[in-house]
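Chains as they are written, first to last, in our numbering: chain S, 16 to 314; chain W, 408 to 680.
Contents: one structure, followed by commentary.
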Amino acid sequence: MIGRPLFSGFALGRTHLAIPVALVLVLGCIVPLGVLVVFSVFEVDFDAFVLMPALSPRAWSDLFHTWSFWVLIGKAVISGAAAALTTSILGYPIALALASAPLNWKGIGTVVLLTPLYTGEIVRIYAWRIVLGSEGLINTLLLDLHIVASPVKWLLFTPFTTALVLTYNNLPYMVLAIWVSAEMVDKRLIEAARDLGARPLDAFFKVTLPLTTPGLAAGVFAVFALAAGEMLTPSLLGGTSGQTAMAMIDNLFGTAFDWPLASALALALLAALFLTAVALGFCLTRFKGARAVIGRGRA
Amino acid sequence: MNRFAAATLALATTFLYLPIVVLAVFSFNDSDLMAFPLTGFSLRWYEELAGNAAFHSGFVTSFLVAQPVGLIGMVAGLMAALALTSPKLKFRLAFAALILVPFLVPKSVLSIAQAMIMSRIHLERGAVALILAQSLVVIPFTTALISAVLIRVDPRLDEAARDLGATPWQSFRLVLLPQLNSALAGAYSIGVILSLADLTISMFLAGRTQPLSLMVASEFRHDLRPDLNAMQVTVLALTAVIVALSELYRRHRARPQRLADRAATAEPIEAAP
Numbered sequence: 016m017i018g019r020p021l022f023s024g025f026a027l028g029r030t031h032l033a034i035p036v037a038l039v040l041v042l043g044c045i046v047p048l049g050v051l052v053v054f055s056v057f058e059v060d061f062d063a064f065v066l067m068p069a070l071s072p073r074a075w076s077d078l079f080h081t082w083s084f085w086v087l088i089g090k091a092v093i094s095g096a097a098a099a100l101t102t103s104i105l106g107y108p109i110a111l112a113l114a115s116a117p118l119n120w121k122g123i124g125t126v127v128l129l130t131p132l133y134t135g136e137i138v139r140i141y142a143w144r145i146v147l148g149s150e151g152l153i154n155t156l157l158l159d160l161h162i163v164a165s166p167v168k169w170l171l172f173t174p175f176t177t178a179l180v181l182t183y184n185n186l187p188y189m190v191l192a193i194w195v196s197a198e199m200v201d202k203r204l205i206e207a208a209r210d211l212g213a214r215p216l217d218a219f220f221k222v223t224l225p226l227t228t229p230g231l232a233a234g235v236f237a238v239f240a241l242a243a244g245e246m247l248t249p250s251l252l253g254g255t256s257g258q259t260a261m262a263m264i265d266n267l268f269g270t271a272f273d274w275p276l277a278s279a280l281a282l283a284l285l286a287a288l289f290l291t292a293v294a295l296g297f298c299l300t301r302f303k304g305a306r307a308v309i310g311r312g313r314a
Numbered sequence: 408m409n410r411f412a413a414a415t416l417a418l419a420t421t422f423l424y425l426p427i428v429v430l431a432v433f434s435f436n437d438s439d440l441m442a443f444p445l446t447g448f449s450l451r452w453y454e455e456l457a458g459n460a461a462f463h464s465g466f467v468t469s470f471l472v473a474q475p476v477g478l479i480g481m482v483a484g485l486m487a488a489l490a491l492t493s494p495k496l497k498f499r500l501a502f503a504a505l506i507l508v509p510f511l512v513p514k515s516v517l518s519i520a521q522a523m524i525m526s527r528i529h530l531e532r533g534a535v536a537l538i539l540a541q542s543l544v545v546i547p548f549t550t551a552l553i554s555a556v557l558i559r560v561d562p563r564l565d566e567a568a569r570d571l572g573a574t575p576w577q578s579f580r581l582v583l584l585p586q587l588n589s590a591l592a593g594a595y596s597i598g599v600i601l602s603l604a605d606l607t608i609s610m611f612l613a614g615r616t617q618p619l620s621l622m623v624a625s626e627f628r629h630d631l632r633p634d635l636n637a638m639q640v641t642v643l644a645l646t647a648v649i650v651a652l653s654e655l656y657r658r659h660r661a662r663p664q665r666l667a668d669r670a671a672t673a674e675p676i677e678a679a680p
């Protein structure tokens, strides 16, 4: 180590690169969210359509006294949690299958898994209408096979549609998260459990599941956040049930010009999502054995 | 891999590609109605698409917006990843959480809040606002992608370069950057792709700019039309080309690296003096 420069400029410079990025993120994300707090106590002159600085509790009181807002927030939380649940149930077998696949399959697997994510939101919504419509793929198949006598109507424009498409949209994120965790599990642990007489399901619940909890948790958070905040899928595919908190915020912001109420509702939604995410995280760390894994990961 | 795993993967692929395949099939179907049974093969929706000037300009707009998004996302992701993977970073957890904010906060809430500020301080919404907002949303993805590669780069290479007299900048440019080529290409293409796919941010911030997704959304609210199918398939095909090219590039770059890795693991003792 002769001649090593006294000042380790690069390592120092490297951490400093965080500053501009952090600044941009604070300016672009944190400040706008902070401004929501400010706007939520402003007043609106609905005759002149101007927003006036004030310290008014009007929007918050409206929010707390209108139960339909809370129904919408509850719906967002439930649809996020439901998507997290369905994607984790479907995602586990897929992720474990990918983890057990030969190496050259894994690269193909990544591309196959990620390509649907690259299709625009609108493309997916559009495609599902063709699949699920009364003259769509599923109904045609069911009719041709004489399984049903008339087209199944509840496939499209119902809560089922929303749940299905939210699952579809978010499945790749969940699979990726669990897959990364599953790759790090020592396969010999599962073999040992099987050799000692554990049935496949027992081995899964007692060995694989606790060891992959960090990946599952990351997937649950991501899917929950993405699905709960989704506006277009419910409104274009959910039919009359498709009203969402997001669409209501959009409405208050655009059509009604009630920015204070829009801000208050957006903040309430964010708070509800955050609290649910914390609760979900808390539940996941309660899994038998999961705490040890997460704790070791931190050490 | 056993039979159960293979069946699972086959089912998953079917589920993930079912809507896309149906879309493609109908784009070649010779009928105004998007319903079964199919009526015959036709390229007329693609012909109609080729003659539609509005779609052309929408496509050019989307393309022009996507390039700077890819570039900004890549550079910001590189900077964030360099900081995150440096062992000396303070407030690492806070910085990581900050990077995740654009991913975790619903895009629509973020865009509405940004739109409110912009209209309050009389900034016009348009292409610039759209590019900046989309770049923000891309940062978590590019940072994760570049960090994943950066964390595996041997820090001794930088130390060796520095010991041999390279300046920090030279070491970065000549030693580190070449190892990140494929990750940077991946980050760039993910930015371009997410920008092309975006509709939510465009709805609130595009102003008078009309990217393709916005155009499709306004047409599609009224009725389904087969020429939109053809357009979606065209966009998908182009996206697939971007993905395939960047994947090929990655593999091309990764091959010598893998050989070097193998050589290094084969003779660990001889390699360390």
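In this text, a Cβ means the ideal position worked out from N, Cα and C, and glycines have one as well.
All values derive from a computational prediction rather than experimental measurement.
Spatial neighbours of S/ALA356 within its chain, please: CB distance less than 7 Å, with the 5 preceding and 5 following residues excluded, ordered by chain position.
Absent from the model: residue 356 of chain S. The displayed extent of chain S is 16 to 314, so no value can be given.
Could you work out which residue in S/LEU181, S/ALA164 and S/LEU282 is closest to S/LEU105 when comparing CA atoms only?
Counted from its first residue, the first sequence places residue 105 of chain S at position 90. Of the candidates S/LEU181, S/ALA164 and S/LEU282, the one whose C-alpha sits nearest the C-alpha of S/LEU105 is S/LEU181.
Name the chain W residues that come within less than 8 Å of S/ALA240, Cβ to Cβ?
Here residue 240 of chain S is taken as the residue at index 225 of the first sequence, counted from 1. Within 8 Å Cβ-Cβ: PHE510, LEU511, VAL512 and PRO513.
So W/THR682 packs on W/ALA594, CB below 8 Å; how close in whole Å?
Since the first residue shown for chain W is 408 and the last is 680, residue 682 of chain W is missing from the structure and cannot be characterised.
Suppose you measure from the CA of W/ASP634 to the CA of W/PRO444; what does that come to, to the nearest Å?
Here residue 634 of chain W is taken as the residue at index 227 of the second sequence, counted from 1. Here residue 444 of chain W is taken as the residue at index 37 of the second sequence, counted from 1. Their Cα atoms are separated by approximately 18 Å.
At a Cβ cut of 7 Å, what residues of the segment 478–494 of chain W count as close to chain S, listed as they run along the chain?
ALA483, MET486, ALA487, LEU489, ALA490 and SER493
In terms of residue numbering, what span does the beta strand (DSSP E) encompassing S/LEU66 cover?
For the purposes of this step, residue 66 of chain S is taken as residue 51 along the first sequence, with counting starting at 1. Residues 65–67.
If you measure beta-carbon to beta-carbon, which residues of the segment 108–125 of chain S are closer than 8 Å to chain W?
PRO108, ILE109, LEU111, ALA112, LEU113, SER115, ALA116, PRO117, TRP120, GLY122 and GLY124
Straight-line CA distance for W/VAL560 to W/GLN586?
Position 153 of the second sequence, counted from the start, is the residue given in the question as residue 560 of chain W. Position 179 of the second sequence, counted from the start, is the residue given in the question as residue 586 of chain W. Rounded to whole angstroms, W/VAL560 to W/GLN586 spans 8 Å at the Cα level.
Going along chain W, which residues have a C-beta under 9 Å from S/ARG139?
Within the first sequence, numbered from 1, the residue matching residue 139 of chain S stands at position 124. Here the neighbours are PRO426 and ILE427.
Compare the Cα-Cα distances from W/ILE553 to each of W/LEU485, W/ALA613, W/PRO475 and W/GLN617 and report the closest residue.
Your numbering for residue 553 of chain W matches position 146 in the second sequence. That would be W/LEU485, whose Cα lies nearest to the Cα of W/ILE553.
Could you pull the start and end residues of the alpha helix (DSSP H) that W/ASP561 belongs to?
One-based indexing of the second sequence puts residue 561 of chain W at position 154. No alpha helix (DSSP H) contains W/ASP561, which DSSP labels as neither H nor E.
To be precise: take each residue of the segment 259–274 of chain S, compare its Cβ to all Cβ atoms of chain W, and keep it if any distance is under 8 Å. Which residues remain?
So the list reads MET261, ILE264, ASP265, PHE268 and TRP274, given in the order they occur along the chain.
Taking all protein chains shown into account, do 16 or more other C-beta atoms lie within 10 angstroms of the C-beta of W/GLU677, making it buried, or fewer, making it exposed?
Locating residue 677 of chain W in the second sequence gives position 270, counting from the first residue. In this prediction, W/GLU677 scores a pLDDT of 39, lower than 50, which makes its location untrustworthy; the coordinate-derived value is nonetheless stated afterwards. W/GLU677 comes out exposed.
When the cut-off is 8 Å and only beta carbons count, does W/GLN474 lie next to chain S?
Residue mapping note: residue 474 of chain W aligns to position 67 of the second sequence, counting from 1. Answer no: the Cβ-Cβ gap between W/GLN474 and chain S never drops below 8 Å.
In the DSSP assignment, the alpha helix (DSSP H) including S/ASP265 goes from what residue to what residue?
Position 250 of the first sequence, counting from 1, holds the residue named residue 265 of chain S. Looking at the DSSP string, the run of the alpha helix (DSSP H) that includes S/ASP265 is 260–269.
What do you get for S/GLY312, buried or exposed, if any count of 16 or more other CB atoms within 10 angstroms of its CB means buried?
One-based indexing of the first sequence puts residue 312 of chain S at position 297. At S/GLY312 the pLDDT is 45, less than 50, meaning the model places this residue with poor confidence and gives no usable figure here.
Just confirm the distance between the C-beta atoms of S/THR125 and W/ALA647, as a whole number of angstroms; I'd bet it's less than 8 Å.
By 1-based counting over the first sequence, the position of residue 125 of chain S is 110. By 1-based counting over the second sequence, the position of residue 647 of chain W is 240. Not really, about 14 Å apart at Cβ, beyond 8 Å.
Within its chain, find whatever has a CB closer than 7 Å to the CB of W/PHE393; leave out the 5 residues flanking it on each side and keep chain order.
This structure leaves residue 393 of chain W out entirely; chain W is present only between 408 and 680.
Could you tell me the alpha carbon to alpha carbon distance between W/ASN588 and W/SER653, rounded to whole angstroms?
Position 181 of the second sequence, counted from the first residue, corresponds to residue 588 of chain W. Position 246 of the second sequence, counted from the first residue, corresponds to residue 653 of chain W. In a straight line, the C-alpha of W/ASN588 is about 11 Å away from that of W/SER653.
Against chain W, with Cβ distances strictly below 8 Å, would S/PHE25 count as a contact?
For the purposes of this step, residue 25 of chain S is taken as residue 10 along the first sequence, with counting starting at 1. Low per-residue confidence applies at S/PHE25: pLDDT is 47, beneath 50, and the placement is therefore not dependable, though the value from the model is reported in the following sentence. For S/PHE25, the answer is yes, since a Cβ of chain W falls inside 8 Å of its Cβ.
How is the alpha helix (DSSP H) around S/VAL56 delimited, first residue to last?
Looking up residue 56 of chain S in the first sequence gives position 41. Per DSSP, S/VAL56 is not a residue of any alpha helix (DSSP H), being assigned neither H nor E.
Check each residue of the segment 52–65 of chain S: if its Cβ is closer than 9 Å to any Cβ of chain B, include it; give the result in chain order.
The chain labelled as chain B is not found among the protein chains of the depicted structure, namely S and W.
Does DSSP put W/ASP565 in a helix, in a strand, or in coil?
Walking along the second sequence from the start, residue 565 of chain W turns up at place 158. Of the three classes helix, strand and coil, the one that applies to W/ASP565 here is helix, per DSSP.
Closest Cβ-Cβ distance between W/THR468 and chain S: below 8 Å?
As a working mapping, residue 468 of chain W is identified with position 61 in the second sequence. No, because no Cβ of chain S sits closer than 8 Å to the Cβ of W/THR468.
Just to check my reading of the structure: W/LEU581 and W/ALA592 have Cβ atoms closer than 8 Å, yes? What is that Cβ distance to the nearest angstrom?
By one-based count along the second sequence, residue 581 of chain W stands at place 174. By one-based count along the second sequence, residue 592 of chain W stands at place 185. Going by Cβ atoms, the distance from W/LEU581 to W/ALA592 rounds to 19 Å, so no, they are not a contact pair.
Find the nearest neighbour of S/ARG203 within the set S/VAL222, S/LEU147 and S/LEU216, judged by alpha-carbon distance.
On the first sequence, position 188 is the one that residue 203 of chain S refers to. Nearest option by C-alpha distance: S/VAL222.
For S/VAL52 versus S/LEU241, is the C-beta spacing smaller than 8 Å?
For this step, residue 52 of chain S is matched to residue 37 along the first sequence. For this step, residue 241 of chain S is matched to residue 226 along the first sequence. No. Outside cutoff.
Skipping 5 residues on each side, what residues in its chain have a beta carbon closer than 6 Å to that of S/SER196?
Within the first sequence, the letter at position 181 stands for residue 196 of chain S. Excluding positions up to five away in sequence, the list reads THR227, PRO229 and GLY230.
Going by other Cβ atoms of all chains shown within 10 Å of its Cβ, with 16 needed for buried, is S/PHE22 buried or exposed?
Residue 22 of chain S sits at position 7 when you count from the first residue of the first sequence. The predicted model places S/PHE22 with a pLDDT of 46, which falls under 50 and marks its position as unreliable, so this point remains unresolved.
Do W/THR492 and W/ILE558 have their C-beta atoms within less than 8 Å of each other?
Residue 492 of chain W sits at position 85 when you count from the first residue of the second sequence. Residue 558 of chain W sits at position 151 when you count from the first residue of the second sequence. In contact: W/THR492 and W/ILE558 (Cβ atoms closer than 8 Å).
What in chain W is Cβ-close to S/ARG29, meaning under 7 Å?
Reading the first sequence from its first residue, position 14 is the one you call residue 29 of chain S. Ordered by position in chain W, the residues that pass the 7 Å Cβ test against S/ARG29 are LEU489, ALA490 and SER493.
Residues in the segment 517–535 of chain W with C-beta within 8 Å of chain S's C-beta atoms, listed in sequence order?
Answer in chain order: LEU517, ILE519, ALA520, GLN521, ALA522, MET523, ILE524 and ARG527.
Check whether the Cβ of W/SER653 lies closer than 7 Å to any heavy atom of the ligand ADP, and answer yes or no.
In the structure shown, the ligand ADP is absent, as is every other ligand, since no ligand is present at all.
Kindly list, in the order they appear in chain S, the residues whose Cβ is closer than 9 Å to that of W/SER609.
For the purposes of this step, residue 609 of chain W is taken as residue 202 along the second sequence, with counting starting at 1. Per Cβ cutoff of 9 Å: no residues; W/SER609 is ~10 Å from chain S at best.
Can you tell me whether W/ARG410 is buried or exposed? The criterion is at least 16 other CB atoms within 10 Å of its CB, across all chains shown.
Position 3 of the second sequence, counted from the first residue, corresponds to residue 410 of chain W. Answer is exposed; the Cβ neighbour count stays below 16.
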